[in-house]
Amino acid sequence: MIAGNAAAMSPGGLSAGEYMARASDCVACHTAEGGQPMAGGKKFSTPVGDIYATNITPDKTAGIGNYSYEDFEKAVRQGIAKDGHALYPAMPYPSYARMTDKDIHDLYDYFMNEVPPSAEKNKDNDIPWLLSARWPLHIWNWLYVDEVQPANKATVNNALLSRGAYLVEGPGHCGACHTPRGVTMQEKGYDASSDVYLSGAMIDGWYAPSLRNISKSPEELKDLLRKGQSQHDALSGPMSEVVTQSTQYMTDGDLDAISYYLLNFSHAPAGAVSANGAISYSPKDGKTLYSMYCSTCHGDDGKGKDFTVPSLVNNSIVTAKDPASLLSVINDGAQTPQTQGNISFKMPAYKQVMTEEEKNNVVNYVRGAWGERAGE
């Protein structure tokens, strides 16, 4: 695939390295709330325990200041630290392995020369000692991580499609959230050759919807990636942070490429079963509750308000096979990303207002009315 690279200085004034760090979403993962950028400390919950992002500033004691380019490249592409221990695959190195030499070099220069050093010490991971051994991760890499040749030149004719594939499958590592995982937490696919790649998955209590068969215009998809909201839709949950820290900084050309790639991802995941038959739900209870709590903003027709309140019609959270994200939004509320030149809008939480049964009834009504026959 063709990779291409951002210009030495992006339209937003970012260096090539900082642009690639944004595209790779490094800030969101390696910065704790209220902490110094890239100084680590952010917690990630995994099936074996909590792990904490590491300090990747150029501090020579607490960070990666003593890493040579070869050390850095090995960590980013192979998941092996300078001292030889294997990194946990919460670090999406199977995707970063697809990045070009130029982009990896730009990243290294950025971290060593532009990121302020921080002496913040790395936190110990909260993993039981029986499960904390690192050597099995080398076996995990051998089993699940294919050796990928970085994309340094064009191998297909469509440059826009190739650039989109590079950004989604490589630095953007979209599959880390949107691809289902196996019993040992490996992604079941890392690119379009897999029938389940980007077919939707659970993450931190949210359902990251399938990115196959997206029914949006290129302009609407670009609006969501740039601003976190569009005329009829809005993003929330983990994806809100991705927009805030990453995609809002991307060039129009790269957003065009990502949109083109995703909108041409037209085949359904293997084993997908479409709903059929009548939907059983409690329309009276759900409709009454919807009218009381939801219709003022989302409308009786569920179409919301352009560029302000997302439409529930054709909404990926509503049509998803797993209603976890919809329940989370109703329970805890949601807020669109804060991006340059755009106001963030907030939906209130209803966990202290509605009972579990009432929330379920609202969800079943919404999915029955606008969920394209999504199940109860």
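Numbering follows full-length UniProt numbering, in which position 331 of the sequence shown is assigned residue number 331; successive positions increment by one, without gaps.
Cβ atoms here follow ideal geometry from the backbone N, Cα and C, with glycine treated the same way.
| query | result |
| --- | --- |
| Which residue spans inside the segment 277 to 349 form an unbroken alpha helix (DSSP H) run of at least 4? | 283 to 293, 295 to 298, 316 to 319, 324 to 332 |
| Taking 7 Å as the limit between beta carbons, can you name the residues of its chain near PRO238, skipping five residues before and five after? | CYS177, ILE203, ASP204, TRP206 |
| Looking at the unbroken beta strand (DSSP E) that takes in MET202, where does it start and where does it end? | 201 to 203 |
| Where does TYR108 fall in DSSP's three states? | helix |
| Could you give the distance in angstroms between the alpha-carbon of TYR260 and the alpha-carbon of SER217? | 10 Å |
| Using three-state DSSP, classify LEU131 as helix, strand or coil. | Bear in mind that the predicted position of LEU131 carries a pLDDT of just 47, short of 50, making it unreliable; the figure below should be weighed with that in mind. The answer is helix: DSSP assigns LEU131 an H, G or I state. |
| Closer than 6 Å by C-beta to LYS82: which residues in its own chain qualify, once you throw out the five before and the five after it? Chain order, please. | TYR67, ASP71 |
| Mapping DSSP to helix, strand and coil, what is LYS121? | coil |
| Just how far apart, CA to CA, sit GLY49 and MET91? | 15 Å |
| Sorted by chain position, which residues of the same chain lie with C-beta nearer than 6 Å to ALA270's C-beta, five sequence neighbours on each side aside? | Confidence at ALA270 is low in this model, with a pLDDT of 37, below 50, so its placement is unreliable and the value that follows should be read with caution. Here the set comprises ASP195. |
| With DSSP collapsed to three states, give me the class of THR251. | coil |
| Does the count of Cβ pairs from the segment 219 to 235 and the segment 165 to 179 closer than 8 Å reach three? | no |
| With ASP50 as the anchor, note down where its beta strand (DSSP E) starts and where it stops. | 49 to 52 |
| According to the neighbour-count rule (16 or more other Cβ atoms, all chains shown, within 10 Å of its Cβ), is MET250 buried or exposed? | buried |
| Output needed for LEU255: all residues of its chain with C-beta closer than 7 Å, excluding positions within five of it in sequence on either side, in chain order. | LYS222, LEU225, ARG226 |
| Could you tell me how far apart the beta carbons of TYR365 and LYS287 are, in whole angstroms, since I believe they sit closer than 8 Å? | 5 Å |
| When DSSP builds the beta bridges, which residues end up paired with ALA208? | ALA201 |
| Under DSSP, the alpha helix (DSSP H) around PHE72 begins and ends at which residues? | 69 to 78 |
| With DSSP as the reference, label GLU219 as helix, strand or coil. | helix |
| When DSSP labels each residue in this structure, what does ALA270 get in the three-state scheme? | Note that ALA270 scores a pLDDT of 37, beneath 50, so its modelled location is shaky; the value from the coordinates is reported in the next line. If DSSP states are grouped into helix, strand and coil, ALA270 belongs with coil. |
| Would you tell me roughly how many angstroms separate the C-alpha atoms of PRO348 and ASN331, rounded to the nearest one? | 9 Å |
| With three or more beta-carbon pairs closer than 8 Å as the criterion, would you say the segment 304 to 324 touches the segment 238 to 247? | no |
| Report the partner residues of ALA86 according to the DSSP bridge assignment. | ILE80 |
| How many Å lie between ALA278 and ALA208 at the Cα? | Any reading at ALA278 must be qualified, since the residue scores a pLDDT of 30, below 50, and its modelled position is unreliable; no value is offered. |
| Within its chain, find whatever has a CB closer than 6 Å to the CB of GLN229; leave out the 5 residues flanking it on each side and keep chain order. | THR336 |
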